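Residue numbers for the sequence shown follow the numbering used here, beginning at 4 and rising by one. No residue lacks a Cβ here, since even glycine has one placed at the ideal position from N, Cα and C. In this text the structure is predicted, and so the values were computed from the model without any measurement. To keep things clear, I will list the structure first and then write my remarks on it.
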Amino acid sequence: MALVQRCKVQGSESRRGQRRTKMSTCPVTGLTEEEKQDLIRAWKKMIGTTPKDFKNAGISLVLWMFDNIPNMRSRFTKFQANSSRTNLIADEMFLAHTQTVILALDSVIKLLDNPTKLKQKLTSVVKSHVGQNPPIGSEYFDPFAEKFHIFLQAALGVPRDDKEVKAWVKFLNALCSLVKLEEEAVKKAGKPATPSGAPCCSIL
4 MALVQRCKVQ
14 GSESRRGQRR
24 TKMSTCPVTG
34 LTEEEKQDLI
44 RAWKKMIGTT
54 PKDFKNAGIS
64 LVLWMFDNIP
74 NMRSRFTKFQ
84 ANSSRTNLIA
94 DEMFLAHTQT
104 VILALDSVIK
114 LLDNPTKLKQ
124 KLTSVVKSHV
134 GQNPPIGSEY
144 FDPFAEKFHI
154 FLQAALGVPR
164 DDKEVKAWVK
174 FLNALCSLVK
184 LEEEAVKKAG
194 KPATPSGAPC
204 CSIL
């Protein structure tokens, strides 16, 4: 009888532990364990299973960004960003940028279970963008976060209230918060911006 009671207690404690794990949140993004898995699952569907799928995902994402983020095309000088889709996907510099974007996002997703490295990565992304002259800040990141659900819904064939879409929205809102914090820090410190020709690392 004592053994049965002990097993019941252990089973109850195990279930409570599992619930705590599910409800624990990432200190960087605020995502729960379940939301992280939802986000990762959506990402894997989006990038596919082959190198060609991965390449095409990058092209599709950047073309969508060009169409949905105001003034984004104007920030590029190494290729004709205002060209037609046909011309863009034949441009090696454009294709190289699409792979930079998709690889950067992929590297972020792979760090979701390592808050310390994730914070370092996102901070690097944010600083490299906000530090541009003129800055690539909230006016670019906010529309990306606000509209990304449209891209994801089309890519995955799911409604806006799908839990995978919601996880991405929550993640991108956290990223936008980091952008705003960096903008405030730059403004407060009066730091000089990086010349516009300096390399920009990743997402935008």
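Within its chain, find whatever has a CB closer than 8 Å to the CB of residue i; leave out the 5 residues flanking it on each side and keep chain order.
{"i": "ARG88", "result": "LEU66"}
{"i": "GLY193", "result": "none"}
{"i": "GLN156", "result": "PRO162, ARG163, ASP165, VAL168"}
{"i": "ILE43", "result": "ILE112, LEU115"}
{"i": "GLU142", "result": "PRO73, ASN74"}
What residue range does the alpha helix (DSSP H) around residue i cover?
{"i": "GLY61", "result": "54-71"}
{"i": "CYS179", "result": "166-192"}
{"i": "LEU106", "result": "95-112"}
{"i": "MET2", "result": "The requested residue 2 does not occur in the structure, where the chain is confined to residues 4 to 207."}
{"i": "ARG88", "result": "88-91"}
{"i": "SER27", "result": "That residue, SER27, is in no alpha helix (DSSP H); it is neither H nor E in DSSP."}
{"i": "PRO118", "result": "118-133"}
{"i": "PHE79", "result": "From DSSP, PHE79 is part of no alpha helix (DSSP H); its letter is neither H nor E."}
{"i": "ALA158", "result": "141-159"}
On a CA-only basis, which of the options is nearest residue i? Give me that one, please.
{"i": "ARG78", "options": "PRO138, PHE151, LYS150, VAL168", "result": "PRO138"}
{"i": "THR129", "options": "ASN117, LEU155, VAL111", "result": "For the sequence presented, residue 129 should be read as Val rather than Thr. Closest option to VAL129, Cα to Cα, is VAL111."}
{"i": "PRO73", "options": "LYS169, GLU149, LEU159, THR52", "result": "GLU149"}
{"i": "ASP109", "options": "ARG76, GLY140, SER141, LEU64", "result": "LEU64"}
{"i": "LEU106", "options": "ILE92, GLU142, THR80, ILE62", "result": "ILE62"}
{"i": "GLY140", "options": "PHE69, LYS47, MET75, THR119", "result": "MET75"}
{"i": "GLY33", "options": "SER131, PRO118, LYS191, LYS190", "result": "PRO118"}
Leaving out five residues before and five after residue i in sequence, what residues of the same chain have Cβ atoms less than 7 Å from its Cβ?
{"i": "ALA188", "result": "none"}
With distances taken between CB atoms, is the gap from residue i to residue j smaller than 9 Å?
{"i": "GLN123", "j": "LYS58", "result": "no"}
{"i": "GLU133", "j": "GLU185", "result": "One detail in the question is off: residue 133 reads as Val in this sequence, not Glu. In contact: VAL133 and GLU185 (Cβ atoms closer than 9 Å)."}
{"i": "VAL31", "j": "LEU175", "result": "no"}
{"i": "PHE154", "j": "ASN71", "result": "yes"}
{"i": "LEU125", "j": "MET49", "result": "no"}
{"i": "TRP171", "j": "PHE151", "result": "yes"}
{"i": "ILE51", "j": "ALA45", "result": "It is Gly, not Ile, that sits at residue 51 in the sequence shown. In this structure, ALA45 does not lie closer than 9 Å to GLY51 by Cβ."}
Taking 6 Å as the limit between beta carbons, can you name the residues of its chain near residue i, skipping five residues before and five after?
{"i": "PHE144", "result": "CYS179, VAL182"}
{"i": "LYS39", "result": "LEU115"}
{"i": "PHE82", "result": "ASP94, MET96, PHE97"}
Check whether chain C comes within 9 Å of residue i, counting only Cβ atoms and requiring the distance to be less than that.
{"i": "GLY160", "result": "The chain inventory of the structure shown lacks chain C, comprising one protein chain alone."}
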